[in-house]
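Scroll down for the structure; my scribbles are underneath it.
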Amino acid sequence: MAPRDTLLRRGRVVAAAGIVLGTGATLTLASWSDATFTTGTFGVGSFGIEASTDNGATWYQDEDILAFTVAAAGVRPGDTRYAPLSVRTESGSLGALATLGGATSEGATAIFDALRYRVVETNTCDASAFTAGASYLVGASSVRATLGTGSAPEAIALDAATASPGTARHYCFELHLPDTTPNWTNPALPGTTALARWPLTASSIS
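Counted from 1, the sequence shown has number 138 at position 15 by this note's numbering; the numbering is strictly sequential.
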């Protein structure tokens with residue numbers, strides 16, 4: 124572990140969607156987990172971020188622990204699923220500006236290309252959060268983005284921490300499989316699996 128007089132610049136993956144397409148036109152979303160992080164050392168001070176996928180009940184700092192789980196069964200074109208994410212600075216950390224990168228695909232590209240998503244800042248992670256007046260990190264009230272679309276640069280501002288962690292910001296991921304003829308008839312969708320990973324990179328602010 125780096126000494127306290129070292130400033131760490133960390134990037135953490137906030138979500139990885141394990142997308143499992145079952146028999147027929149049934150889609151199951153499960154096993155959201157993070158993938159990687161990067162570090163750099165410079166200046167003075169302390170800096171780090173952590174994330175929660177259960178509305179702040181549990182917080183993770185290590186890339187091999189953070190996980191999303193979406194309980195979804197019988198998902199088919201036209202269906203939508205939601206998953207929460209909370210982000211904050213670690214205890215004693217400087218403030219941070221973070222960027223959600225676009226997802227990269229592992230596995231079947233047909234599912235990755237077919238899905239659309241939005242991310243909104245909210246304390247309630249369900250359909251009611253995605254209104255015209257909501258604060259969108261990705262997408263808009265009438266627009267769902269491809270999974271490879273990320274947020275604007277440094278769109279997430281995280282407060283500096285004291286002896287306790289900083290104030291958390293809460294987000295909701297909405298994944299949607301559009302109810303379109305190509306999705307119903309695409310033979311590449313049923314029975315295949317894909318994994319999508321979204322990186323969250325952060326830099327310190329004084």
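Glycine residues also receive a C-beta, built at the ideal position from the N, C-alpha and C atoms.
Checklist entry - Leaving out five residues before and five after A311 in sequence, what residues of the same chain have Cβ atoms less than 6 Å from its Cβ? => result On the sequence shown, residue 311 is found 188 positions in, with the first residue counted as 1. For A311, where only same-chain residues beyond five positions count, the Cβ hits under 6 Å are A233.
Checklist entry - Can the beta-carbon of R292 be found less than 8 Å from the beta-carbon of R211? => result Here residue 292 refers to the residue found at position 169 of the sequence shown. Here residue 211 refers to the residue found at position 88 of the sequence shown. Cβ atoms of R292 and R211: closer than 8 Å.
Checklist entry - What's the gap between the Cα of T227 and the Cα of T269? => result Your numbering for residue 227 matches position 104 in the sequence shown. Your numbering for residue 269 matches position 146 in the sequence shown. One C-alpha to the other measures close to 11 Å.
Checklist entry - Roughly how many angstroms lie between the CA atoms of E244 and Q184, to the nearest whole one? => result Start at 1 with the first residue of the sequence shown, and residue 244 comes out as number 121. Start at 1 with the first residue of the sequence shown, and residue 184 comes out as number 61. Cα to Cα, E244 sits roughly 21 Å from Q184.
Checklist entry - Are the beta-carbon atoms belonging to L328 and L260 less than 8 Å from one another? => result Along the sequence shown, one-based indexing puts residue 328 at 205. Along the sequence shown, one-based indexing puts residue 260 at 137. Per the sequence presented here, residue 328 reads as Ile, with Leu not at that position. No; because the gap between Cβ atoms is not below 8 Å, this pair is not in contact.
Checklist entry - Between the C-alpha atoms of R239 and L300, what's the straight-line distance to the nearest angstrom? => result As a working note, residue 239 is residue 116 in the sequence shown. As a working note, residue 300 is residue 177 in the sequence shown. Cα to Cα, the separation comes out at about 6 Å.
Checklist entry - Straight-line CA distance for S154 to T290? => result Here residue 154 refers to the residue found at position 31 when the sequence shown is read from its first residue. Here residue 290 refers to the residue found at position 167 when the sequence shown is read from its first residue. Caution applies to S154, whose pLDDT of 28 falls short of 50 and renders its modelled position unreliable; the value that the coordinates give is listed next. Cα to Cα, the separation comes out at about 27 Å.
Checklist entry - Which two residues bound the contiguous alpha helix (DSSP H) that contains A233? => result Translated into the one-based positions of the sequence shown, residue 233 becomes position 110. Residues 232-237.
Checklist entry - To which residues of the same chain is N178 closer than 6 Å at the C-beta, ignoring the five residues directly before and after it? => result Here residue 178 corresponds to residue number 55 of the sequence shown, with the count starting at 1. Hits under 6 Å: P207.
Checklist entry - Which residues share a DSSP beta bridge with W182? => result As a working note, residue 182 is residue 59 in the sequence shown. Partner(s): none; W182 has no beta bridge.
Next on the checklist: Can you tell me where the alpha helix (DSSP H) holding T308 begins and where it ends?
Outcome noted: Here the question's residue 308 lines up with position 185 in the sequence shown. From DSSP, the alpha helix (DSSP H) with T308 extends over 304-308.
Checklist entry - Got a sec? Which residues, its chain only, sit under 8 Å from E277 by beta carbon, not counting five neighbours each side? => result As a position in the sequence shown, residue 277 is number 154, starting the count at 1. Contacts found: L220, A221, T222, S326.
Checklist entry - Just how far apart, CA to CA, sit A257 and A280? => result Residue mapping note: residue 257 aligns to position 134 of the sequence shown, counting from 1. Residue mapping note: residue 280 aligns to position 157 of the sequence shown, counting from 1. Cα-Cα distance, rounded: 17 Å.
Checklist entry - Tell me the DSSP bridge mates of P301? => result Counting from 1 along the sequence shown, the entry for residue 301 is found at position 178. Answer by DSSP bridge pairing: none, since P301 is not bridged.
Checklist entry - To the nearest whole angstrom, what separates the beta carbons of G330 and G225, a pair I think is in contact under 8 Å? => result Past the edges of the chain, shown from 124 to 329, lies residue 330, and the structure says nothing about it.
Item to check | CB contact flag (S214, A284, <8 Å) | outcome: For the purposes of this step, residue 214 is taken as the residue at position 91 of the sequence shown. For the purposes of this step, residue 284 is taken as the residue at position 161 of the sequence shown. Yes, the Cβ-Cβ distance between S214 and A284 is below 8 Å.
Item to check | Candidates T247, D249, C248, S287: closest to I172 by CA position | outcome: The residue you call residue 172 lines up with position 49 of the sequence shown. Taking only the C-alpha atoms, the option nearest I172 is S287.
Checklist entry - By the 10 Å Cβ neighbour count, where 16 or more other Cβ atoms means buried, how is N306 classified, buried or exposed? => result Working through the sequence shown from its first residue, we reach residue 306 at position 183. Buried, because 16 or more other Cβ atoms sit within 10 Å of the Cβ of N306.
Checklist entry - For V242, is the classification buried or exposed, using 16 other Cβ atoms within 10 angstroms of its Cβ as the cut-off for buried? => result Against the sequence shown, residue 242 aligns to sequence position 119. With 16 or more Cβ atoms within 10 Å of its Cβ, V242 is classed as buried.
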